[in-house]
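Here the sequence shown is numbered in full-length UniProt numbering, starting from 1 and rising by one per residue.
Accompanying notes for the structure given below.
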Amino acid sequence: MTIPNDGNGVQRKRPMHASGSGFKHHKKHQHRTNGAGPAVSELQRTRQRLPIYAHRSKIIEAVNGNQVVILVGETGSGKTTQIPQYIWESDRAHARVAITQPRRVAAITVAQRVCEESNRGPLGDSVGYCVRFDDTTSKNTRLKFMTDGMLVREALLSPTLKRYSVIVLDEAHERTLQTDILFGIVKRAMRKRKDLKVVVMSATLDVALFRRFFEDFKPSVMQIPGRMFQVDVFYTAKTQPDYLDSALVAVLQIHLDEKTSNGSILVFLTGQEDIETLETLLEEYARSLPADTQKLMVCPIFAAMPREQQMKVFEPAPAGVRKVILATNIAETSITINGVRYVVDTGLVKQRSFVASSGMEMLQTESVSKAQAWQRTGRAGREAPGICYRLFPEETFEQLPERAIPDIQRVSLEVVVLQLKCMGIDDVLGFDFIEKPLKTSLIKALEKLYALGALDNKGKLTTRGRQMAGLPVEPMYAVMLLKATELGCAEEALSVVAMLSVESIFYSPRDKKAEAAQSRARVVAFEGDQITLLNVFNGYMQCGAKQRNKWCRDHYINHRAMTRVESVRLQLKGYLEKLELPIDSSFPDIDPLRKSIVAGFFLNTAMRSVAEGLGGSKTAYKTMCGRSEIVKVHPSSSLFMRNPPPKWVVYNELVFTSKHYIRSVVVIEKEWLVELAPTFFAKKNSVEK
1 MTIPNDGNGV QRKRPMHASG SGFKHHKKHQ HRTNGAGPAV SELQRTRQRL PIYAHRSKII
61 EAVNGNQVVI LVGETGSGKT TQIPQYIWES DRAHARVAIT QPRRVAAITV AQRVCEESNR
121 GPLGDSVGYC VRFDDTTSKN TRLKFMTDGM LVREALLSPT LKRYSVIVLD EAHERTLQTD
181 ILFGIVKRAM RKRKDLKVVV MSATLDVALF RRFFEDFKPS VMQIPGRMFQ VDVFYTAKTQ
241 PDYLDSALVA VLQIHLDEKT SNGSILVFLT GQEDIETLET LLEEYARSLP ADTQKLMVCP
301 IFAAMPREQQ MKVFEPAPAG VRKVILATNI AETSITINGV RYVVDTGLVK QRSFVASSGM
361 EMLQTESVSK AQAWQRTGRA GREAPGICYR LFPEETFEQL PERAIPDIQR VSLEVVVLQL
421 KCMGIDDVLG FDFIEKPLKT SLIKALEKLY ALGALDNKGK LTTRGRQMAG LPVEPMYAVM
481 LLKATELGCA EEALSVVAML SVESIFYSPR DKKAEAAQSR ARVVAFEGDQ ITLLNVFNGY
541 MQCGAKQRNK WCRDHYINHR AMTRVESVRL QLKGYLEKLE LPIDSSFPDI DPLRKSIVAG
601 FFLNTAMRSV AEGLGGSKTA YKTMCGRSEI VKVHPSSSLF MRNPPPKWVV YNELVFTSKH
661 YIRSVVVIEK EWLVELAPTF FAKKNSVEK
């Protein structure tokens with residue numbers, strides 16, 4: 001077959017031929033360590049072979065003798081699965097350990113592995129996990145793996161985290177918003193509870209920063225070597241105009257050139273859309289590979305995938321088949337996939353950024369940091385020597401920042417402020433953050449929460465604010481749900497919020513794209529995307545339980561995703577019932593639902609400013625809050641081709657690619673803005689004519 005080539009040097013070169021216009025060679029040398037000790041079973045032998053096993057006694061001694069332990073364990077050392085077990089094994093009678101992870105898939109997979117290794121009953125007994133809308137733990141659980149956000153939610157009810165003897169904060173280097181809050185929370189808790197111990201863990205950590213933050217507790221610092229093999233690094237000669245095409249070329253050339261190796265290929269991409277696009281391209285090319293060539297098995301993984309599908313990346317490839325894993329930055333450190341020998345790094349990551357001057361949060365693609373790039377490279381050298389192909393020049397790498405900007409200094413802070421206020425911390429500006437957020441971002445968050453009714457004019461938490469904090473959704477979604485209970489449409493609002501919490505509702509098979517588009521057109525509501533999702537949910541629920549799988553196939557709907565929607569909706573309904581709020585339906589009248597959306601998302605109002613033609617890419621909107629931006633409806637929206645385009649809309653998300661796009665868009669009436677947000681849209685200058 002002919003492999004596509006973009007003409008810019010994205011070609012594999014062996015180390016001895018690394019010069020010229022192809023990949024330039026740079027060697028990264030890393031060390032090896034060996035485990036030791038007798039074995040009882042195959043699982044025990046595996047545990048004892050991990051580099052961290054040789055340090056077991058010292059780790060237990062450090063945890064027993066100090067209130068804070070900072071542990072830097074290189075990738076592959078075994079820290080994530082072993083340290084919680086060491087703590088538990090050293091004090092089975094009393095230890096209750098909470099272990100946090102930034103991502104749900106990591107919390108789930110690590111819990112499953114530890115449960116298997118510990119051999120102490122089924123998952124959910126001694127070992128369990130708790131992520132949003134999925135809790136397998138019980139009163140007997142001693143090792144509780146959870147997302148950082150779930151532990152913060154526990155702290156709302158128990159600021160001293162009294163149910164735990166040890167808190168393990170894993171992947172601390174990722175510095176997610178919730179992890180940064182946890183640093184401050186556990187520090188406050190330790191001052192009140194001398195018996196509480198904290199272990200901060202990471203593969204790569206700014207030790208000095210954490211040592212300063214916990215200096216009052218005289219932290220013990222430990223360095224645990226990993227079992228890393230040499231990884232050869234190659235760069236492109238030139239900047240690549242199309243990173244997806246370059247990734248395709250790199251994967252196919254590795255596959256054809258490395259015929260003697262069946263090592264898996266791990267490709268780092270920005271998100272679900274990129275992953276699904278490359279998956280389609282690879283599967284098309286794989287079908288045309290020569291008969292004597294090893295087969296390819298493409299395994300995507302991203303946060304929004306159903307858990308059953310995520311688990312497939314951990315399964316070994318069949319004999320004679322090479323696995324290609326397409327992943328987001330979730331595979332940098334949060335999960336470990338065995339068998340990887342080759343890494344293809346686009347050098348990009350998709351993340352949210354808050355622009356304080358405009359009060360808007362945008363989802364955009366950015367370059368990774370050097371630390372992230374090295375973490376990605378290291379995934380190729382966990383079990384044997386490997387190769388990393390960076391799809392950018394070495395000069396570009398040298399210009400990357402050393403570390404990524406932490407979330408606390410990059411994203412909107414309404415959730416942080418609401419959580420701190422709920423814990424009785426009124427002086428959020430004075431809260432003990434490990435690194436201070438921007439003052440302007442905190443002030444914007446306070447202003448937004450006041451506009452949403454969560455705070456009064458003195459900055460105190462209102463009854464509405466406490467209700468919002470009790471719901472496991474972002475503040476704007478919480479307001480939407482609460483307003484829906486007042487407007488008699490909570491049933492519809494619950495369905496919409498549950499649908500929006502799960503991605504990949506629709507799917508389009510390569511060979512049936514036209515049929516899938518026609519099927520989607522039958523449920524499209526020109527009142528907006530949220531109403532379209534409501535139509536899908538209602539159609540799904542109207543089928544008998546045994547018919548739903550077939551209904552999903554017939555309508556090109558992801559059945560696993562809909563099953564998750566059912567679960568999420570049921571749990572959200574339970575939260576509203578605990579608040580003793582009315583749960584009624586207004587269907588088929590959808591105006592109350594649209595009004596509840598306005599109540600939550602009025603800050604995301606946009607007015608049509610340009611209408612060349614009838615809908616589509618030529619119609620532009622101007623955002624109404626903060627610094628006005630010119631935006632366009634995303635092509636995936638049900639409103640993209642509406643004829644004529646609506647005058648006023650509210651959107652859930654702003655996405656920046658080559659243009660500013662708004663997604664999850666609903667049509668509104670301008671009069672609703674004054675009715676539902678009177679403190680924000682004063683009558684005299686509320687809306688433009």
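Ideal Cβ positions, reconstructed from N, Cα and C, are used throughout, including at glycine.
Bear in mind the structure is a predicted one, so any value in this text is a computation, not a measurement.
Roughly how many whole angstroms lie between the Cα atoms of LYS458 and GLY626?
When only Cα atoms are considered, LYS458 and GLY626 end up about 22 Å apart.
Secondary structure at LEU278, three-state DSSP: helix, strand or coil?
helix
Compute the Euclidean distance between the alpha carbons of ARG642 and LEU593, then round it to the nearest angstrom.
20 Å
Since ALA599 contacts MET499 with CB under 8 Å, what's their CB separation in whole angstroms?
About 18 Å separates the two Cβ atoms, so there is no contact after all.
Determine, using beta carbons only, whether LYS295 and ASP170 come nearer to each other than 9 Å.
no
Under three-state DSSP, which class holds HIS660?
Note: HIS660 maps to strand in three-state DSSP.
Looking at the secondary structure, which residues open and close the beta strand (DSSP E) in which GLY184 lies?
GLY184 -> not in any beta strand (DSSP E); alpha helix (DSSP H) instead, spanning 177-192.
Test item: CB-CB of LEU156 and GLY470 under 9 Å:
yes
Rounded distance between the beta-carbons of ALA384 and VAL105, thought under 8 Å:
So it is not a contact: roughly 25 Å between Cβ atoms.
Using DSSP with H/G/I as helix, E/B as strand and the rest coil, what is SER57?
In the structure shown, the three-state DSSP call for SER57 is helix.
What runs of the beta strand (DSSP E), each 3 residues or longer, lie entirely inside the stretch 217-258?
Listed in chain order, they are 220-224 and 231-235.
Taking the beta carbon of PHE680 as the centre, do at least 16 other beta carbons fall within 10 Å, making it buried, or is it exposed?
buried
Going by Cα to Cα distance, which pick from ALA493, ARG193 and CYS489 is closest to MET476?
ALA493
Contact under 9 Å by Cβ, GLY339 with SER264
yes
May I ask you to list the residues that DSSP assigns as paired with PRO300?
LEU326
Drop a sphere of 10 angstroms on the beta-carbon of SER636, count the other beta-carbons inside from all chains shown, and report buried for 16 or more, exposed for fewer.
Classified as exposed, SER636 has fewer than 16 neighbouring CB atoms from the shown chains inside 10 Å of its CB.
Proximity winner among CYS388, GLN409, GLU577 and ILE505, relative to ASP180 (alpha-carbon distances):
GLN409
Could you tell me if the beta carbon of SER508 falls within a distance shorter than 8 Å of some heavy atom in the ligand NAP?
What this structure holds is no ligand at all, so the ligand NAP is not there to describe.
On the three-state DSSP scale, how would you describe ARG464?
helix
Is the shortest distance between the beta-carbon of SER596 and the beta-carbons of chain D less than 9 Å?
Among the protein chains of the structure shown there is no chain D, as only one such chain exists.
Which ranges does the alpha helix (DSSP H) cover as unbroken runs of at least 4 residues, wholly within the stretch 315-397, from first to last along the chain?
Counting whole runs of 4 or more residues, the stretch 315-397 contains the alpha helix (DSSP H) stretches 370-378.
Taking buried to mean at least 16 other C-beta atoms within 10 Å of its own C-beta, is ALA606 buried or exposed?
Buried, by the Cβ-count rule.
As a quick exercise: from ASP242, GLN419, GLN375 and PHE234, pick the residue whose alpha carbon is nearest that of GLU394.
PHE234
Give the secondary structure of GLY124 by DSSP, where H, G and I count as helix, E and B as strand, and everything else as coil.
GLY124: coil per DSSP, three-state reduction.
From the DSSP output, in three-state form, read off MET305 for me.
coil
Alpha carbons only, please: which of ALA172, LYS162, ALA203 and VAL221 is nearest the one belonging to LYS192?
LYS162
Can you list, in chain order, the residues of its chain with a C-beta nearer than 6 Å to that of ASP242? Leave out the 5 residues immediately preceding and following it.
Nothing meets the Cβ criterion.
Cα-Cα separation, ARG569 to SER495:
Cα to Cα, the separation comes out at about 6 Å.
Cα-Cα, which of THR239, VAL321 and ALA327 is closest to residue 701?
For the chain, the structure presents residues 1 to 689; residue 701 sits outside this window and is missing.
Using CA atoms only, rank isn't needed, just tell me which of GLU653, ARG403, GLU671 and CYS388 is closest to LEU266.
Among GLU653, ARG403, GLU671 and CYS388, the Cα nearest to that of LEU266 belongs to CYS388.
Buried or exposed: where does THR657 fall if 16 or more other Cβ atoms within 10 Å of its Cβ makes it buried?
exposed
Which residues in the same chain as LEU88 place their Cβ atom closer than 7 Å to its Cβ, once the five residues preceding and following it in sequence are excluded?
Residue identity differs from the one stated: residue 88 is Trp in this sequence, not Leu. So the list reads ALA95, VAL97, ARG142 and LEU143, once near-sequence residues are dropped.
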